[in-house]
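The opening residue of the sequence shown carries number 0 in numbering that gives the first Met the number 0; numbering runs sequentially from there.
Where a beta carbon is used, it is the ideal one built from N, C-alpha and C, also for glycine.
Quick caveat, the model's predicted, so the values are computed rather than measured.
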Amino acid sequence: MKLNGAVNVSAPREEVWQLFMDPTQLCRVVPGCEQAQRVDDTHYEALLAVKIQFMTIRARAHGTLLEAREPDHLVAEMVGEPLAMAGAFRAHLVVDLIPISMTGGTEVRYTIELSMLGRLASLGEAIIRATANRLASQFAANVAQLFSAQAQEPGQR
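Shown next, in the form of structure tokens:
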């Protein structure tokens with residue numbers, strides 16, 4: 000399943016880039032992220048809890064930064080397994096940060112390719128697609144809100 004989207008944020012792309020490179024800060028805007036940590040320069044671990052209609056699925060995930068062209072392009076992959084059910088997921092993420100010259104902000108464009116195996120896949124594509132779209136929209140709104148709040152606080156930049 001493939002999802003695409005974009006959000007405009009009121010921050011220069013260098014600041015947005017730093018958000019994507021800091022797992023603790025990124026966890027604050029990723030819906031369902033309970034904790035995240037850097038293992039080394041290109042590997043990360045996270046604990047996720049995602050509500051899917053009638054249940055919450057908790058998963059341990061391992062992320063790898065596959066490509067990073069600071070400050071405008073990154074490619075990452077996340078592989079995870081639910082803690083209480085059989086199955087697995089893989090998410091391939093491409094993010095491009097495009098400066099918006101008129102406002103000094105940044106357009107964040109993203110593409111997510113998501114695949115699932117086992118019981119996760121048996122939940123049905125319609126449910127998973129709806130949940131993935133909801134989470135992607137929440138993520139975009141959280142990123143925009145984070146930078147909007149920082150822009151309003153004196154001394155944040």
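The DSSP-derived three-state label of GLU13 is helix.
When C-beta atoms of the region 54-66 are compared with those of the region 0-16, fewer than three pairs fall below 8 Å, so the two segments do not count as touching. In the DSSP assignment, LEU25 falls within the alpha helix (DSSP H) that extends over 22-28.
Around the beta-carbon of GLY103, fewer than 16 other beta-carbon atoms lie within 10 Å, marking it exposed. Taking C-beta atoms as the reference points, VAL8 and PHE138 fail to come closer than 8 Å.
In this structure the region 13-26 lies against the region 89-107, because at least three pairs of beta carbons, one per stretch, are closer than 8 Å. Under the DSSP assignment, MET77 falls in the beta strand (DSSP E) whose first and last residues are 72-81.
Excluding sequence positions up to five before and after ARG108, its CB lies within less than 6 Å of the CB of ALA5, ASP95, all in the same chain and listed in chain order. Out of MET77, THR110, MET101, ARG118, the CA that lies nearest to the CA of GLY86 is found in ARG118. Counting along the chain, GLN34 sits inside the beta strand (DSSP E) bounded by residues 32-37. Restricting attention to ALA45, VAL38, ALA10, the CA atom closest to the CA of LEU25 is found in ALA45. In the three-state DSSP reduction, SER100 falls in the coil class, being neither helix nor strand. Annotated as proximal: LEU92 and ALA75, with beta-carbon spacing under 8 Å. Assignment of ALA148 by DSSP, reduced to helix, strand and coil, places it in the helix class.
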